[in-house]
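Visitor: The following block contains the structure, expressed as structure tokens.
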């Protein structure tokens, strides 16, 4: 009987251990579920508290419509209200520093916008980089076989009627064009400033007659698709390579974390932007182009949003 008693006690103990194990598993599972629910609730609460009305600064260059309107389309899909504020570069830097806008998507650093960065760099945060080492400088038609570097411009000055065509005088490229003229002792050249469209119209008109013309050039821009042109070598490195970045207000990360995440992760390619620009030249609206791109690249958008 003692042996039976021992056996019964062992069986009872085993059942108790099993019951305790099951109970412990259920408790742990419930705790884990509570933690997940709490995390989900916290996230939902954070999303509810998120400021979902923001403004994005857009300067007057068609390539800049790509990140501006893509951001607008993507953020509106997740419940934001987005306003595009258009203005000249200097005005947008000032607006960003004064929190008149929440983001500026066309910061060329460290060279092209150096004067603005020197003045405003402590007043905003760089959230992300759209492109790296952007090519820019001055270009001539490829049929000008003897002109391959900037020093050649002075040598063949008569072919250019002593003129260099540049974009609007408030731009970083116009300022660098002045530096180029000084660095290469081209004081006899006159800088002719105008809008990008007017500058390219002048180039196309001159090239139609096989004349000589030198003008500001950069990528991304469809000018290299539409025109048979080449960059000039720059032995003095006046036209330095830049990154194009997104600047945001210092408090955007806390107030609008979804927007900040997008701006931190968004990356663009030259080919993609130049295709977009061709669409604009065909009179397609940027909103239309943005909707089509997002629809066809939802996986990439989800990565940008860290979904």
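Residue numbers (our numbering): 4 to 310. For each residue, glycine too, the CB sits at the ideal point set by N, CA and C.
1) Throw me the rounded Cβ distance for the residue 280 and residue 109 pair, which I believe falls under 8 Å.
2) Name the one or two DSSP bridge partners that residue 169 has.
3) For residue 111, which three-state DSSP category applies?
4) According to DSSP, is residue 218 helix, strand or coil?
5) State the Cα-Cα distance for the pair residue 1 and residue 79, rounded to the nearest angstrom.
6) Would residue 259 be called buried (16 or more neighbouring beta carbons within 10 Å of its own) or exposed?
7) Helix or strand or just coil, what does DSSP make of residue 145?
8) Helix, strand or coil: how does DSSP classify residue 267 here?
9) When burial is assigned at 16 or more other CB atoms within 10 Å of the CB, is residue 146 buried or exposed?
10) Counting pairs of Cβ atoms below 8 Å between the segment 116 to 126 and the segment 94 to 102, do you hit three or more?
11) Out of 133, 290, 118, 198, point me to the one whose CA is closest to residue 247's CA.
12) Starting from residue 295, trace the alpha helix (DSSP H) both ways and give me its first and last residue.
13) Starting from the C-beta of residue 220, find all residues in its chain whose C-beta is less than 8 Å away, skip the five residues before and the five after it, and write them out in chain order.
14) What residues match up with residue 140 in a beta bridge as DSSP calls it?
15) So what does DSSP say about residue 227, is it helix, strand or coil?
16) Who are the Cβ neighbours of residue 194 in its own chain at under 7 Å, not counting the five residues just before and after it?
17) Residue 1 and residue 215: beta carbons closer than 8 Å?
18) Do you know how far the Cα of residue 262 is from the Cα of residue 291?
19) Out of curiosity, what's the CA-to-CA distance linking residue 307 and residue 159?
20) According to DSSP, which residues form a beta bridge with residue 245?
21) Under the rule that 16 or more other beta-carbon atoms within 10 Å means buried, what is residue 172, buried or exposed?
22) Under the assumption that residue 245 contacts residue 137 (Cβ atoms under 8 Å), give the Cβ distance between them as a whole number of angstroms.
23) Residue 234 by DSSP, collapsed to three states: which one?
24) Return no unless some Cβ of chain C is closer than 8 Å to the Cβ of residue 121.
25) Assign residue 308 to one of three DSSP states: helix, strand, or coil.
26) Buried or exposed, going by whether 16 or more other CB atoms sit within 10 Å of the CB of residue 68?
27) Any heavy atom of the ligand FAD closer than 7 Å to the beta-carbon of residue 220?
28) Are residue 71 and residue 87 closer than 8 Å when you measure CB to CB?
29) Thinking residue 175 and residue 107 are a contact (beta carbons under 8 Å), I'd like their distance in whole angstroms, please.
30) In this structure, does DSSP put residue 284 in helix, strand or coil?
Guide: By the coordinates alone:
1) With a Cβ gap of about 14 Å, residue 280 and residue 109 do not count as contacting.
2) Paired residue(s): 196.
3) The answer is strand: DSSP assigns residue 111 an E or B state.
4) In the structure shown, residue 218 falls within a strand segment according to DSSP collapsed to helix, strand and coil.
5) Since the displayed the chain opens at 4 and closes at 310, residue 1 lies outside it and no answer follows.
6) In summary, residue 259 is buried, with 16 or more beta-carbon neighbours lying within 10 Å of its beta-carbon over all protein chains present.
7) In the structure shown, residue 145 sits in coil (DSSP, three-state: anything other than H, G, I, E or B).
8) Helix, per DSSP.
9) Using a 10 angstroms sphere on the CB of residue 146, the tally of other CB atoms stays under 16, which defines it as exposed.
10) With a cut-off of 8 Å, the segment 94 to 102 and the segment 116 to 126 count as touching, because enough Cβ pairs lie within range.
11) With distances taken between CA atoms, residue 247 lies nearest to 133 out of 133, 290, 118, 198.
12) Per DSSP, residue 295 belongs to the alpha helix (DSSP H) from 289 to 299.
13) Closer than 8 Å at Cβ, skipping near neighbours: 139, 140, 141, 142, 226, 227, 232, 234.
14) Note: residue 140 is bridge-paired with 220 in the DSSP secondary-structure output.
15) Residue state for residue 227 is assigned as helix, using DSSP reduced to three classes.
16) Excluding positions up to five away in sequence, the list reads 167, 169, 180, 181, 184.
17) The question about residue 1 has no answer, for the chain in this structure spans 4 to 310.
18) Near 21 Å, if we compare the C-alpha coordinates of residue 262 and residue 291.
19) Roughly 49 Å separates the two Cα atoms.
20) Per the DSSP secondary-structure output, residue 245 pairs in a beta bridge with 137.
21) Exposed is the call here.
22) Yes, residue 245 and residue 137 are in contact; Cβ-Cβ is about 5 Å, under 8 Å.
23) The three-state reading of DSSP puts residue 234 in strand, counting E and B together.
24) You won't find chain C in this structure, because it holds only one protein chain.
25) Secondary structure of residue 308 (DSSP, three-state): coil.
26) Residue 68 is buried by the Cβ-count criterion.
27) The ligand FAD is not part of the structure shown, which contains no ligands of any sort.
28) In contact: residue 71 and residue 87 (Cβ atoms closer than 8 Å).
29) Between residue 107 and residue 175 the Cβ distance is about 13 Å, and since that is not below 8 Å, they are no contact.
30) In the three-state reduction of the DSSP assignment, residue 284 falls in the helix class, which pools H, G and I.
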